[in-house]
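**Student:** Residue numbers (my numbering), protein chains in the order written: chain A, -6 to 208; chain B, 495 to 838.
Note that CB positions come from ideal geometry on N, CA and C, so glycine has one too.
Take a look at the following structure, please.
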Amino acid sequence: MPRDQELAQGIIRGDRESVVRLTREELDAGREAVGILNEGLIPGMDVLGERFARGEAFIPELMAAAKAMNAAMEILRPLLEASGVESLGKVVMGTVKGDMHDIGKNLVCMMLRGAGFEVIDLGVNAGAERFIQAIEESGARLLGMSALLTTTMSRMGGIIEEIRKSRAGAGVRIAVGGAPLDLAYANKIGADGYAKDATVAVECFKGLVAALRTP
Amino acid sequence: MFFQNTGVLYLILFVILLPPEGFPSRGYGTFLEERTVGLLQRFLTKGGLLVGDGAMGTMLQASGLEPGEAPEGLNLIRPRAVREVHQAYADAWADVLTTNTFGANRFRLSLHDLEEGVPEVNRAAAGIAREAALGAGREILVAGGMGPTGALLEPIGDLPFEQAREAFAEQCRALAEGGVDFLLIETMSDLEEVRAAVEACHRNCDLPVLCTMTFDMHGRTMMGTAPEEARKTAERLGVDAFGANCGNGPFEIEAIMQEMADSSRIPLIVQPNAGRPRLADGQINYGVTPERMAEHALRCFETGVRYIGGCCGTTPEHVRAAGEALRRAWDRRPTRLAPSEGIN
C-alpha cells in the first residue's frame, strides 16, 4: 500500500509533520491504529535501523526518526489502548550508578517507545535500590541498563545480582548496553541480553518479551 | 641588565653561533632553531614533533578515584593525586601535560553539584599541571583540556548553541588565567559543538586552539561527520591543529589520519585509546601494549601526524615507548628543507 510506504519514508526522513499528517489521514479514512503502526511506522524504523547498523545513518537521523515516531504514537496510543492492544511491555531503563552519560540511554528510550514499549526512565546514576523500587512500583518484567565508562561498567554485575536477589527482581529479564560493553562481558555479568546500539536494543527487548512468554 | 631585550640576546647568540663557512648550514640551523623557538611554535609552524601524554581518568581510577566521583573535583580536594599522574607522564618524557579538566565545563560539573566551581576547578588544574611541567627541567607544554558538554545541541537535542558557547567561554577563561600554553578541545562528535568551543576560545583568550574529534562509528563521529569534512570545517574555523582521539583503538584511527593527511594545511594530532576495554579476571584492561602503541605511533608519524599521544587506557609506559620510537624516527627523518631554508 503506497500510504504505508509514505509513512515509512516519513519516518526514515525524520519528517515529523508529514508522519503526523499521514497518520491522521489514515485514521480519518477508517484505518485501524494497529495497522498504521505495524505496516507503516515500524517498517520505516526497521529500514533506518539497518542503515544505522551499516553506518549509513547516524545519531541525528535516529533522533529525528524517533521524534517523528513518538509524535505519531501520541495520536495512536489512546486508540491502541482503547482497542485492547497492549504495549509490548514495560521496561525500566537507567544509566548505572556513578555514570552521568545519557545520550545513548535516551536514544534507546525513544526507540523503545517508538516500537511500542512503555518505558520508565530512571535517568542517570541509578543504583540497585532505584531499579528494584521501579520494578516494584511498575510491575515491569524488563529492565535495561547502560554504562558509558569502564569504571561504571564494572559495577553492572553487582547491580544485576542485587536485582535478581530481590523479591520484585526475580525473573526480570535484563539487557545491558553502552560503548565499552560487548556480548562476552554481558554474558559474564549475568545479563539476559546485550544490545550494541539503540536499534539493536529494540530487537533485543522484543526477544526478551518472547522469552518471558515461553517459560 | 645588559640584555633587557631577549631579542638582543638572541641576535648576539645568533652571530656567535653563525657557522664560519657562511649562512646556510643545516646542522647549525637546526641547532639554533631548537634553541630559540619553543616546542609549541615549532609544532604549529615548522612541523615539529610533540609527544603527547596519555590518559588521566583511568590513571586516577588506578589511584583510588571512585566510580561516579568527578575526576575534576580532585584538582581541589586531592591535587597531589593529579600531580602524580602529570609527574609520571613528565618522567615518561611527554612534551605535553593535559590538565585534568576534560569534564570541567558547567554542564558536566553540574552532575556533581560543582557547576559554580568552574573557575576554581580549571585554574587549580592548570596550576597543578604547570607545577609538574616546571619541575621537569626541560620544556613541557601545558594543554588546557576541554571535553564536550555531554548534551546534544539544538535542533537534534535541547542545548542552545549560545549556552554551549558560554560554558566553553567560562572554562577557557579559567584555563587561560591558570596559565595553560594552549587549549585542547577533545573527543568532540558534533561540528556545531566544535564551533561553539572554538568561537568561545577565540573570543576569550589569545591562546592557540587545537582540536580532536572522535570517529568511532564506521569511521565517522556518532553524529555522522566524516574525517575530511571535520578537518575542513576545523580549518575554516581557524583551529591551529586538528586530529582524532579516543575511539576504537589505534588501528581504526590510523586509517582516519591517512584520510586527513593528504590535504591538511594545519598540523595533525592523534591520541587513540589503548584499544577497547576488556574484562579479564575482574580487571578491566585495554588490549594494546606499549610496544604496539609505539608501532602505531610510528605509522601515524609516517603519514605526517606530529602530535602523538594517547587517550583512555594509555599509561606512562605507552607514552615512553611511543616517545622513544618517535624521537628516533624524528632524528632519522629525511628533511625536506632545501639547504637555503635551513634557518628561517
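Could you work out which residues of chain B lie near MET56 of chain A, taking near to mean beta carbons separated by less than 9 angstroms?
**Tutor:** Within 9 angstroms Cβ-Cβ: LEU646, ILE650 and GLY651.
**Student:** Quick one: grab the DSSP three-state call for LEU0 of chain A.
**Tutor:** Note: LEU0 of chain A maps to helix in three-state DSSP.
**Student:** Do ALA161 of chain A and GLU122 of chain A come within 7 angstroms of each other at the CB atom, strictly closer than that value?
**Tutor:** Contact: no.
**Student:** Among A:TYR178, A:GLY48, A:ALA65 and A:PHE51, which residue has its Cα nearest to the Cα of GLU19 of chain A?
**Tutor:** Closest option to GLU19 of chain A, Cα to Cα, is A:ALA65.
**Student:** How far does the beta strand (DSSP E) with LYS83 of chain A in it extend, from its first residue to its last?
**Tutor:** Note, LYS83 of chain A: beta strand (DSSP E), 83 to 88.
**Student:** Find the residues of chain A that neighbour HIS712 of chain B, judging by a C-beta separation of less than 9 angstroms, and give them in chain order.
**Tutor:** Neighbours of HIS712 of chain B on chain A, chain order: ARG47, GLY48, GLU49 and PHE51.
**Student:** How big is the Cα-Cα spacing for ARG148 of chain A and ALA184 of chain A?
**Tutor:** The alpha-carbon atoms of ARG148 of chain A and ALA184 of chain A are separated by roughly 13 angstroms.
**Student:** Which same chain residues end up closer than 8 angstroms to GLN581 of chain B when comparing Cβ atoms and leaving out the 5 residues on each side of it in sequence?
**Tutor:** Excluding positions up to five away in sequence, the list reads ALA626 and GLY629.
**Student:** With a threshold of 7 angstroms on Cβ separation, who are the neighbours of ASN569 of chain B within its own chain once the five nearest residues in sequence on each side are excluded?
**Tutor:** These residues qualify, in order along the chain: VAL576, ASN594, VAL615, ALA618, ALA619 and ILE622.
**Student:** Would the region 752 to 768 of chain B count as touching the region 796 to 807 of chain B if we require 3 or more Cβ pairs under 8 angstroms?
**Tutor:** Enough Cβ pairs lie closer than 8 angstroms, so yes.
**Student:** What residue from A:GLU25, A:ILE35 and A:VAL27 has the CA that sits closest to LEU0 of chain A's CA?
**Tutor:** The candidate whose alpha carbon is nearest that of LEU0 of chain A is A:ILE35.
**Student:** Using alpha carbons as the reference points, say which of A:ILE96, A:LEU115, A:GLU154 and A:GLY132 lies closest to PHE51 of chain A.
**Tutor:** Per the Cα distances, A:ILE96.
**Student:** With DSSP collapsed to three states, give me the class of PRO721 of chain B.
**Tutor:** Three-state result, PRO721 of chain B: helix.
**Student:** Shortest alpha-carbon distance to ALA735 of chain B belongs to which of B:GLU789, B:TRP824, B:ILE650 and B:MET751?
**Tutor:** Out of B:GLU789, B:TRP824, B:ILE650 and B:MET751, B:MET751 has the C-alpha closest to the C-alpha of ALA735 of chain B.
**Student:** Go ahead and label VAL599 of chain B buried or exposed: buried means 16 or more other beta carbons lie within 10 angstroms of its beta carbon, across all protein chains shown.
**Tutor:** In the sequence under discussion, the amino acid at residue 599 of chain B is Asn, which differs from the Val named in the question. Classification of ASN599 of chain B: buried, given that the 10 Å Cβ count is 16 or more.
**Student:** Pull out every residue of the region 554 to 568 of chain B whose Cβ sits closer than 7 angstroms to any Cβ of chain A, in chain order.
**Tutor:** Listed in sequence order: GLN555, PRO561 and GLY562.
**Student:** If contacts are defined as beta-carbon pairs under 8 angstroms, then ARG786 of chain B and ASN779 of chain B qualify, I think. What distance do you get, rounded to the angstrom?
**Tutor:** ARG786 of chain B to ASN779 of chain B, Cβ: 13 angstroms. No contact.
**Student:** Hey, ILE4 of chain A and GLY37 of chain A: beta-carbon distance below 7 angstroms or not?
**Tutor:** Against a cut-off of 7 angstroms, the Cβ pair of GLY37 of chain A and ILE4 of chain A comes out as a contact.
**Student:** Can you find a C-beta in chain A that's less than 7 angstroms from the C-beta of MET754 of chain B?
**Tutor:** It does not; no Cβ of chain A falls within 7 angstroms.
**Student:** Residues of chain B with CB closer than 9 angstroms to the CB of ASN240 of chain A, please, in chain order.
**Tutor:** In the structure displayed, chain A extends from -6 to 208; residue 240 of chain A sits before or after that span and is not available.
**Student:** Compute the Euclidean distance between the alpha carbons of VAL579 of chain B and LEU653 of chain B, then round it to the nearest angstrom.
**Tutor:** Taking the straight line from one Cα to the other gives about 33 angstroms.
**Student:** At a CB-CB cut-off below 9 angstroms, which residues of chain A make contact with LEU605 of chain B?
**Tutor:** Chain A residues near LEU605 of chain B: MET93, VAL117 and ASN118.
**Student:** How is GLY839 of chain B classed by DSSP in three states: helix, strand or coil?
**Tutor:** Here chain B has residues from 495 to 838 only, and residue 839 of chain B is not among them.
**Student:** Between the Cα of ALA194 of chain A and those of A:ALA58, A:MET138, A:LEU72 and A:TYR178, spot the shortest distance and give me the residue it belongs to.
**Tutor:** Of the candidates A:ALA58, A:MET138, A:LEU72 and A:TYR178, the one whose C-alpha sits nearest the C-alpha of ALA194 of chain A is A:MET138.
**Student:** Take the Cβ of LEU141 of chain A as the centre, count every other Cβ of all protein chains shown within 10 Å, and call the residue buried at 16 or more, exposed below.
**Tutor:** LEU141 of chain A comes out buried.
**Student:** Mind checking which residues open and close the alpha helix (DSSP H) that includes GLY186 of chain A?
**Tutor:** Segment 186 to 188 is the beta strand (DSSP E) holding GLY186 of chain A; no alpha helix (DSSP H) there.
**Student:** Inspect the CB distances between the region 719 to 728 of chain B and the region 685 to 703 of chain B and report whether three or more fall short of 8 angstroms.
**Tutor:** Verdict: yes, contact present.
**Student:** Does the beta carbon of LEU207 of chain A sit closer than 7 angstroms to a beta carbon anywhere in chain B?
**Tutor:** For the record, residue 207 of chain A in the displayed sequence is Thr; it is not Leu. Not an interface residue.
**Student:** Return the chain-ordered list of same chain residues with a C-beta closer than 6 angstroms to the C-beta of ARG134 of chain A, the five sequence neighbours on each side being excluded.
**Tutor:** Here the set comprises VAL165 and LEU205.
**Student:** On the three-state DSSP scale, how would you describe GLY629 of chain B?
**Tutor:** In this structure, GLY629 of chain B counts as coil in the three-state DSSP scheme.
**Student:** Measuring only from the beta carbon, is GLY718 of chain B closer than 6 angstroms to any heavy atom that is part of the ligand MG?
**Tutor:** Among the components of this structure there are no ligands whatsoever, and the ligand MG is therefore not found.
**Student:** Using a Cβ-Cβ cut-off of 7 angstroms, state whether ARG(-4) of chain A counts as contacting chain B.
**Tutor:** No, its Cβ sits nowhere closer than 7 angstroms to a Cβ of chain B.
**Student:** Going along chain B in order, which residues have a C-beta closer than 8 angstroms to the C-beta of LYS90 of chain A?
**Tutor:** The answer, in chain order, is PRO561 and GLY562.
**Student:** In whole angstroms, give me the CA-to-CA distance for GLY743 of chain B and VAL782 of chain B.
**Tutor:** Each residue's Cα considered, the two are about 8 angstroms apart.
**Student:** Suppose contacts are defined by Cβ-Cβ distances below 7 angstroms. Is SER683 of chain B in contact with THR643 of chain B by that definition?
**Tutor:** No. Outside cutoff.
**Student:** Under 7 angstroms between C-beta atoms, does ARG148 of chain A make it to chain B?
**Tutor:** Taking Cβ atoms only, chain B reaches closer than 7 angstroms to ARG148 of chain A, which makes this a yes.
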